[in-house]
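Residue numbers (this note's numbering), protein chains in the order written: chain U, 26 to 389; chain G, 964 to 1287. Structure first, commentary second.
Listed below in structure tokens is the structure:
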């Protein structure tokens, strides 16, 4: 296998993959009968135009959390495709903390407990598949898929029964107390005396940035991160080097699940202020695209998270501007990105290496 | 007694209807995974097939044209999967995820472009779908105690694709365990090096495996939208592809056990809504939502090896690199 120098792998390959995905999406748009350039212009306008940046960053918050969750597991060659379920459980952790404690504790303290609850519940939902993989040999991909469905079944049961808002027929909890909610960014900015457009962007975005830094430190500056990367390169070599592989696998899944669970901070504690069905809305799967595109590096994930945030926010604008193109085009592009930067990752590597390194090889 | 018998037959009849797409998808997964290619893209192929069938049946008025379109759409996604995993040795899980998301987005985008109907297709008329087939003598034999109703209610009166689903189990079994092709296909999933050293192409075998999977998922998709249902609704596959994957594992990659797993899951699906509002002893109101996720829980427990053991084909998920 031809391997690329680092700058190509990180700097150029993702752009080539993105360009290809956009090109393929443009073909779809053209076949549908619209002008691809018009569509992309509306996408960009919708993502970065006045008043929409907050929405883009709000979506990006979800994708950074789920992207980090996928990437952390990828480092140890684990496919955690259960971020959906882990985020759902994270939401449950938040709701349980808020609904049971908000009457007895001060708001900020409840919020702290809720944040811990999101991480803990997400981690717990990932630890079981991790443990089953490490100690019982069941395939983590299958178990995490099953756990997604188990989480959604659990949620339907809880929200239409034990946790349903009293006196109402819809499957959701009652609203959380004002004091425990994460403050919206536009409120914070206005409190400082500036003007800001309303958006769902809230304090979770800051948490997402902190999570990026924390994951970077964890993966590249700690012994545990080294163990994960060693397992990712060769499980046998890691075992031979005395790394407790099984424990590391379970721990990696716990952290991955905690990150996925934190996605619920943005949706449940930051925006909805109540637990509703299916708030994860496929963002867990988008995390896989974000991790692949960001080459499993926190900085790359931040960039890819912003890109997908723009794609989802811009995609929402498509519904208003075109009769035939809807925001599901963002899903098509997402699928293509996963295909090109993940499944077909090896298709362009040798080609790109030959193209860009031919000259330096000739010199040598 | 006769009333209880009729009730039982109605439940089993419902089971057959709900199990049919599971059976087709699970058989698709079985052929693909026996050849060594993990297929978590069953869901996406099912959805694409469902959309293509409904769209073409609407445009042409012919269910047969719809069926052909379903096969073509599903096979196309299977080929994308094959191109990524077999030709370019990409990650099979990642490719499967891509196939699922691509199908989810494409079906709605194209449905909106064609019909401007909020991602749905218009409802299909009677002549545009596969309607129930009354088997010969179903009416005249109904008077025979027990067996008459059994034949008339349960065996007769399904659409073509339900019969195709049950037939597919027999066909897959025969193809994989009674032909030379099947022996080689299974070898490609267990020990591809041996197949290669016998001078047979592992890639060609695996491509044929995923092609068959594509065809079977296409049938399942057509069943959803132009036989069982009457039109495409967004996300109408609703996890059935993943449920089939669970059945495939629950049945340990063997046709007959997989069939029984599908029937069991179909039965649970049929019975769950009937439990709505029922008071169970000790438990209280029946937790219907929990009953419907029972198949996933059972699969996890089986995979963990707490009872029995589900052992996948040995080379499953491992790209084959030919030595030069």
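Using N, Cα and C, we set each Cβ at its ideal position, and we do this for glycine too. Remember, it's a predicted structure, so these values are computed and weren't measured experimentally.
In this chain, residue 1114 of chain G is not harboured by any alpha helix (DSSP H), its DSSP state being neither H nor E. Sixteen is the threshold: since fewer than 16 other Cβ atoms of the shown chains lie within 10 Å of the Cβ of residue 265 of chain U, the residue is exposed.
Interface criterion not met: the Cβ of residue 315 of chain U is under 8 Å from no Cβ in chain G.
Along the segment 1116–1148 of chain G, there is no position whose C-beta sits under 7 Å from a C-beta of chain U. DSSP lists U/301 as the beta-bridge partner residues of residue 197 of chain U. Residue environment analysis places residue 293 of chain U among the buried positions, since at least 16 neighbouring C-beta atoms fall within 10 angstroms of its C-beta. Per the Cβ contact rule, the segment 124–131 of chain U is not in contact with the segment 247–256 of chain U (fewer than 3 Cβ pairs under 8 Å).
Measuring C-alpha to C-alpha distances from residue 120 of chain U to each of U/357, U/363, U/197 identifies U/197 as the nearest. Runs of the alpha helix (DSSP H) spanning 4 or more residues and lying entirely within the segment 246–301 of chain U occur at 248–258, 260–265, 270–289, in chain order. By DSSP's assignment, residue 1157 of chain G forms no beta bridge with any residue.
Per DSSP, reduced to three states, the secondary structure at residue 1122 of chain G is coil, with no helix or strand assignment.
Between residue 1011 of chain G and the set G/1186, G/1120, G/1239, the nearest pair of CA atoms involves G/1186. Scanning the segment 34–68 of chain U from its first residue to its last, the whole alpha helix (DSSP H) runs of 4-plus residues come out as 38–57.
Residue environment analysis places residue 299 of chain U among the buried positions, since at least 16 neighbouring C-beta atoms fall within 10 angstroms of its C-beta. Chain G has a Cβ within less than 8 Å of the Cβ of residue 166 of chain U. Boundaries of the alpha helix (DSSP H) around residue 1172 of chain G: 1165–1186.
By alpha-carbon distance to residue 1132 of chain G, the top candidate from G/988, G/1252, G/977 is G/988. Cβ-Cβ distances below 8 Å link residue 1125 of chain G to 979, 980, 983, 1186, 1190 in the same chain, with the five nearest sequence neighbours on each side left out; the list follows chain order. Residue nearest to residue 1095 of chain G within the set G/1211, G/1136, G/1127, G/1064 is G/1127 (criterion: CA-CA distance). Under the DSSP assignment, residue 1048 of chain G falls outside any alpha helix (DSSP H); it carries neither an H nor an E label. In terms of Cβ geometry, residue 144 of chain U and residue 273 of chain U do not form a close pair [threshold 8 Å].
Within chain G, the residues placing a beta-carbon under 8 Å from that of residue 371 of chain U are 1051, 1052, 1053, ordered along the chain. Distances from the alpha-carbon of residue 131 of chain U to those of U/202, U/146, U/96, U/31 put U/202 closest. Taken through DSSP and simplified to helix, strand or coil, residue 1097 of chain G comes out as coil. Flagged as an interface residue toward chain U: residue 1069 of chain G, by a C-beta distance shorter than 8 Å. Cα atoms of residue 1166 of chain G and residue 991 of chain G: separation of roughly 18 Å, rounded to the nearest angstrom.
For the alpha helix (DSSP H) assignment, the uninterrupted runs of no fewer than 4 residues enclosed by the segment 105–188 of chain U are, from N- to C-terminal side, 108–126, 132–161, 165–184. With respect to the 8 Å criterion, residue 1218 of chain G and residue 1135 of chain G are classified as neighbours on the basis of their beta carbons.
When Cβ-Cβ separations below 8 Å define contact, residue 92 of chain U makes no contact with chain G. Note on residue 262 of chain U: under 16 other CB atoms within 10 angstroms of its CB, so exposed under the neighbour-count rule.
For the segment 1193–1206 of chain G, the set of residues with a beta-carbon nearer than 9 Å to any beta-carbon of chain U comprises 1197, 1202, 1205, 1206, in chain order. Under the three-state reduction of DSSP, residue 209 of chain U is assigned to strand.
Scanning chain U for C-beta atoms nearer than 7 Å to the C-beta of residue 1255 of chain G yields 178, reported in chain order.
Contact between residue 224 of chain U and residue 83 of chain U is confirmed by a C-beta separation of about 6 Å, below the 8 Å threshold. Residue U/89 holds the alpha-carbon nearest to the alpha-carbon of residue 316 of chain U among U/44, U/335, U/89, U/178. Scanning the segment 974–1043 of chain G for uninterrupted alpha helix (DSSP H) segments of 4 residues or longer gives 1005–1023, listed from N- to C-terminal end.
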